[in-house]
Amino acid sequence: MLEGIVLVARDVRAMRQLLSEREAEIVRRKQAEAELRGAKASIEDQLEQTRTQLLLSERRATLGTLAGGVGHELRNVAQIQISAVDELRSALERGGDLAAVVAELLPDLARVGDHITEHGGRMMRLARPGPDRVGPIDFCAVVREVVHMLGGAGRLRRHKAVFHLPPSLTVTVNRTRIEQILVNLLVNAVDAMTSAGSITISASERGERVVCTVTDTGVGIPPENLDKVFEPFFSTKAEAGTGLGLPVAREIVQSYGGKLTVESMVNRGTTFTFDLPM
Numbered sequence: 479m480l481e482g483i484v485l486v487a488r489d490v491r492a493m494r495q496l497l498s499e500r501e502a503e504i505v506r507r508k509q510a511e512a513e514l515r516g517a518k519a520s521i522e523d524q525l526e527q528t529r530t531q532l533l534l535s536e537r538r539a540t541l542g543t544l545a546g547g548v549g550h551e552l553r554n555v556a557q558i559q560i561s562a563v564d565e566l567r568s569a570l571e572r573g574g575d576l577a578a579v580v581a582e583l584l585p586d587l588a589r590v591g592d593h594i595t596e597h598g599g600r601m602m603r604l605a606r607p608g609p610d611r612v613g614p615i616d617f618c619a620v621v622r623e624v625v626h627m628l629g630g631a632g633r634l635r636r637h638k639a640v641f642h643l644p645p646s647l648t649v650t651v652n653r654t655r656i657e658q659i660l661v662n663l664l665v666n667a668v669d670a671m672t673s674a675g676s677i678t679i680s681a682s683e684r685g686e687r688v689v690c691t692v693t694d695t696g697v698g699i700p701p702e703n704l705d706k707v708f709e710p711f712f713s714t715k716a717e718a719g720t721g722l723g724l725p726v727a728r729e730i731v732q733s734y735g736g737k738l739t740v741e742s743m744v745n746r747g748t749t750f751t752f753d754l755p756m
């Protein structure tokens, strides 16, 4: 009888020990899971911070590209002002009719003010942080303006820009983001051409979307690299770049429910196609 009681007591102690060990194991697992969740959250936060910094870096690069065009335009505007001052000074020296000269110069000077306001506003839109403001814009007008600005910045060099655009196409987007897409694609096209070539920008309406293509006559992309061009930091440029232009452009297009795709033939050229909501 006593021996049986001892055995039962041993079994109870063993069971309690087993339960205690299992409870300790459960606690350890929960602690490990909590630590893993914390580590995962920390890594995700770091990745998001890195992504934000990379996007900011690419945005600054776009800003720098357009700033060259703005500088060129402002130099032209300044030249108009200088010419107007010279003409007024000349009229004063010869005792001419100042009222007539001022009346003649006023329209040009008014346009100068409009240009300064326009270009300053463009730079502020691109540089200003904050939430995107979406609204209807004339896509064709934006295309022409961006090409004009890149030409002024010397980025088109000896290449010819060809437009296949209707008079206007309305898209509902954030203007700055679309300028960023176009700058990235156009600069990429310029960098792909080692000799004088052409860049053709086409746009058309398809259903409730506007489809745009940017085609260059450059060296083309080898088949093995076609799947890599949208990867962050991938670049075949001789000069160092961020390697973020195309990934950022694709991300912007995708944020509007669209796609950015590429087709290319070595030594024939490359076409990028994207679509935006009307």
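Here the sequence shown stands for residues 479 to 756, numbered as in the numbering used here.
Built from N, CA and C at the ideal position, the CB exists for glycine as well.
Checklist entry - Going by the beta-carbon positions, is the gap between residue 681 and residue 643 smaller than 8 Å? => result Working through the sequence shown from its first residue, we reach residue 681 at position 203. Working through the sequence shown from its first residue, we reach residue 643 at position 165. Yes, the pair counts as a contact, with Cβ atoms nearer than the cut-off.
Next on the checklist: Residues in the same chain with beta-carbon distance under 7 Å from residue 650, minus the five sequence neighbours each way, listed in chain order, please.
Outcome noted: On the sequence shown, position 172 is the one that residue 650 refers to. For residue 650, where only same-chain residues beyond five positions count, the Cβ hits under 7 Å are 612, 613, 614, 755 and 756.
Item to check | Check whether residue 458 and residue 634 have beta carbons under 8 Å apart | outcome: An answer regarding residue 458 cannot be provided, because it is not within the stretch 479 to 756 covered by the chain.
Next on the checklist: Is the separation between the beta-carbon of residue 724 and that of residue 652 shorter than 8 Å?
Outcome noted: Walking along the sequence shown from the start, residue 724 turns up at place 246. Walking along the sequence shown from the start, residue 652 turns up at place 174. No.
Checklist entry - Tell me which same chain residues have a C-beta within less than 7 Å of the C-beta of residue 695, skipping the five on either side of it? => result For the purposes of this step, residue 695 is identified with residue 217 of the sequence shown, where counting begins at 1. Closer than 7 Å at Cβ, skipping near neighbours: 671, 675, 676 and 747.
Checklist entry - Roughly how many whole angstroms lie between the Cα atoms of residue 661 and residue 504? => result Residue 661 sits at position 183 when you count from the first residue of the sequence shown. Residue 504 sits at position 26 when you count from the first residue of the sequence shown. Roughly 56 Å separates the two Cα atoms.
Item to check | Backbone secondary structure at residue 699 - three-state DSSP | outcome: Reading the sequence shown from its first residue, position 221 is the one you call residue 699. Here residue 699 sits in coil by DSSP.
Next on the checklist: Check for me: the alpha helix (DSSP H) holding residue 728 runs from which residue to which?
Outcome noted: For this step, residue 728 is matched to residue 250 along the sequence shown. Here the alpha helix (DSSP H) through residue 728 covers 723 to 733.
Item to check | Reduced DSSP category for residue 647 - H, G, I as helix; E, B as strand; rest coil | outcome: The residue you call residue 647 lines up with position 169 of the sequence shown. Here residue 647 sits in coil by DSSP.
Item to check | C-alpha distance - residue 624 paired with residue 749, whole-angstrom precision | outcome: Taking the first residue of the sequence shown as position 1, residue 624 is located at position 146. Taking the first residue of the sequence shown as position 1, residue 749 is located at position 271. Cα to Cα, the separation comes out at about 18 Å.
Checklist entry - So residue 684 is in the beta strand (DSSP E); what residue range does that whole segment cover? => result To locate residue 684, count along the sequence shown from 1; it is residue 206. Taken as a continuous stretch (DSSP letters only), the beta strand (DSSP E) holding residue 684 covers 676 to 684.
Next on the checklist: Looking at the secondary structure, which residues open and close the beta strand (DSSP E) in which residue 639 lies?
Outcome noted: Within the sequence shown, numbered from 1, the residue matching residue 639 stands at position 161. From DSSP, the beta strand (DSSP E) with residue 639 extends over 638 to 642.
Checklist entry - What does a CB cutoff of less than 7 Å around residue 493 pick up in its chain, not counting 5 residues either side in sequence? => result For the purposes of this step, residue 493 is taken as residue 15 along the sequence shown, with counting starting at 1. Closer than 7 Å at the Cβ level, and outside the excluded window around residue 493, lies no residue.
Item to check | DSSP-derived helix/strand/coil call for residue 742 | outcome: The residue given as residue 742 occupies position 264 in the sequence shown. DSSP places residue 742 in strand when its eight states are reduced to three.
Next on the checklist: Measuring only the C-alpha atoms, how far is residue 690 from residue 703?
Outcome noted: Counting from 1 along the sequence shown, the entry for residue 690 is found at position 212. Counting from 1 along the sequence shown, the entry for residue 703 is found at position 225. Straight-line Cα distance between these residues: approximately 23 Å.
Next on the checklist: Can you tell me whether residue 575 is helix, strand or coil according to DSSP?
Outcome noted: Locating residue 575 in the sequence shown gives position 97, where the first residue counts as 1. Coil.
Item to check | DSSP bridge partner residues for residue 613 (one or two, in chain order) | outcome: One-based indexing of the sequence shown puts residue 613 at position 135. 651, per the DSSP bridge assignment.
Item to check | Residues of its chain near residue 620, where Cβ-Cβ distance is below 8 Å and the 5 sequence neighbours each way are ignored | outcome: The residue labelled residue 620 in the question sits at position 142 within the sequence shown. So the list reads 653, 656, 657 and 660, once near-sequence residues are dropped.
Checklist entry - Quick one, are the C-beta atoms of residue 692 and residue 722 less than 8 Å apart? => result Counted from its first residue, the sequence shown places residue 692 at position 214. Counted from its first residue, the sequence shown places residue 722 at position 244. Going by C-beta atoms, residue 692 is not nearer than 8 Å to residue 722.
Item to check | Reference residue 639, options 622, 648 and 645, closest by Cα | outcome: In the sequence shown, residue 639 corresponds to position 161, counting from 1. Answer by Cα proximity: 622.
Item to check | Proximity test, residue 582 beta-carbon vs the ligand HEM heavy atom, cut-off 7 Å | outcome: As presented, the structure is devoid of all ligands, the ligand HEM included, so that no description of it is given.
Item to check | Alpha carbon of residue 686 to alpha carbon of residue 729, nearest angstrom | outcome: Sequence index remark: in the sequence shown, residue 686 carries index 208 (1-based). Sequence index remark: in the sequence shown, residue 729 carries index 251 (1-based). Distance between the alpha carbons of residue 686 and residue 729: 20 Å.
Checklist entry - Nearest-angstrom Cα distance between residue 733 and residue 502? => result The residue you call residue 733 lines up with position 255 of the sequence shown. The residue you call residue 502 lines up with position 24 of the sequence shown. Distance between the alpha carbons of residue 733 and residue 502 is about 48 Å.
Item to check | Inter-residue Cα distance where the pair is residue 617 and residue 563 | outcome: For the purposes of this step, residue 617 is identified with residue 139 of the sequence shown, where counting begins at 1. For the purposes of this step, residue 563 is identified with residue 85 of the sequence shown, where counting begins at 1. The alpha-carbon atoms of residue 617 and residue 563 are separated by roughly 37 Å.
Checklist entry - Going by DSSP, what residues sit across from residue 751 in a beta bridge? => result Position 273 of the sequence shown holds residue 751. Beta-bridge pairing links residue 751 to 691 and 739.
Item to check | residue 501 (DSSP reduced to helix, strand or coil) | outcome: As a first step, residue 501 is located in the sequence shown; it is residue number 23 there, counting from the start. Reduced to three states, the DSSP call for residue 501 is helix.
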